[in-house]
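Heads up: the sequence shown begins at 1213 in my numbering, then just goes up one per residue.
Beta carbons are placed, not taken as given, at the ideal position from N, Cα and C, and that holds for glycine.
Note that the structure is predicted; figures quoted are calculated from it, not measured.
Just below is one structure, and these are the notes that go with it.
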Amino acid sequence: MAEKTGGVAAVCRRLAQPVADELGLTLWDVRFVKEGASWYLRYWIDKDGGADLNDCVALSRRLNPLLDEADPIPQSYSLEVSTPGVERELTRTEHFSYCEGWAVVVRLYHAVDGEREFAGILLPLGEDGTVRIETEEGEELTFAKKDVARVNVLDDEDAYGIDEEDDAE
């Protein structure tokens, strides 16, 4: 069994990184999650021009024997490889750097002035890791990382504002 420094996802990321590099892919994210009674090891990949199904299959085929040999996960699980999609979630510092200047939506754990979702153009992270956006009105908003449930790229920059139906979440 592999050493578990940094948790299962971190170990699995380290196993996959050289293979992704060889295939010209970027590992966007790696997560090991339980949904219902099942465990999933999920890799999200990207590349210049966008990753496709063939890239997902190539990485999956190369990872299967590596994961079997290293055996970093004691229970049974399903391996999934996909792309992060156009509304990709930003979770790592490098995601925020890569997506600076893009339209995003910030979802908070708790409402601020009755709102839980804020849309704007992503600004560089604050020195203390705060998430910063500039709204359509030109107002700069700053959110403490601990208050942010998730940040996703907006697929349609024209959908800069949040619809009322999104507030129903």
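Below 8 Å on the Cβ atoms is my contact criterion, and I expect Leu1227 with Leu1271 to pass it. Report the Cβ-Cβ distance as a whole number of Å.
Taking the sequence shown and counting its residues from 1, the one referred to as residue 1227 is at position 15. Taking the sequence shown and counting its residues from 1, the one referred to as residue 1271 is at position 59. In fact, because the Cβ distance is near 11 Å, the residues do not count as touching under 8 Å.
Counting pairs of Cβ atoms below 8 Å between the segment 1333 to 1353 and the segment 1296 to 1314, do you hit three or more?
Three or more pairs of CB atoms, one per stretch, sit closer than 8 Å, so the segment 1333 to 1353 contacts the segment 1296 to 1314.
Could you name the residues that DSSP lists as bridge partners for Arg1362?
As a first step, residue 1362 must be located in the sequence shown, where it is residue number 150. Within the DSSP secondary-structure output, Arg1362 pairs in a beta bridge with Arg1319.
Reduced DSSP category for Asp1379 - H, G, I as helix; E, B as strand; rest coil:
Position 167 of the sequence shown, counting from 1, holds the residue named residue 1379. Only weak support exists for where Asp1379 lies, its pLDDT of 43 falling under 50; the coordinates are left without a value.
For the segment 1297 to 1307 and the segment 1270 to 1285, state whether three or more C-beta atom pairs, one from each stretch, are separated by less than 8 Å.
Taking one beta carbon from each stretch, the segment 1297 to 1307 and the segment 1270 to 1285 have fewer than 3 pairs nearer than 8 Å; the two do not touch.
Taking the C-alpha atoms as reference points, what is the distance between Trp1240 and Glu1349?
In the sequence shown, residue 1240 corresponds to position 28, counting from 1. In the sequence shown, residue 1349 corresponds to position 137, counting from 1. Here the C-alpha atom of Trp1240 lies approximately 31 Å from the C-alpha atom of Glu1349.
Val1317 versus Leu1366: straight-line alpha-carbon distance, rounded
Looking up residue 1317 in the sequence shown gives position 105. Looking up residue 1366 in the sequence shown gives position 154. Spanning the two alpha carbons is a distance of roughly 6 Å.
With 16 other Cβ atoms within 10 Å as the buried cut-off, status of Pro1230
Here residue 1230 refers to the residue found at position 18 of the sequence shown. Pro1230 should be labelled exposed.
Can you give me the start and stop residues for the alpha helix (DSSP H) that Leu1227 sits inside?
Your numbering for residue 1227 matches position 15 in the sequence shown. Run containing Leu1227: Gly1219 to Glu1234, per the alpha helix (DSSP H) assignment.
Could you give the DSSP three-state label for Val1245: helix, strand or coil?
Locating residue 1245 in the sequence shown gives position 33, counting from the first residue. The three-state reading of DSSP puts Val1245 in strand, counting E and B together.
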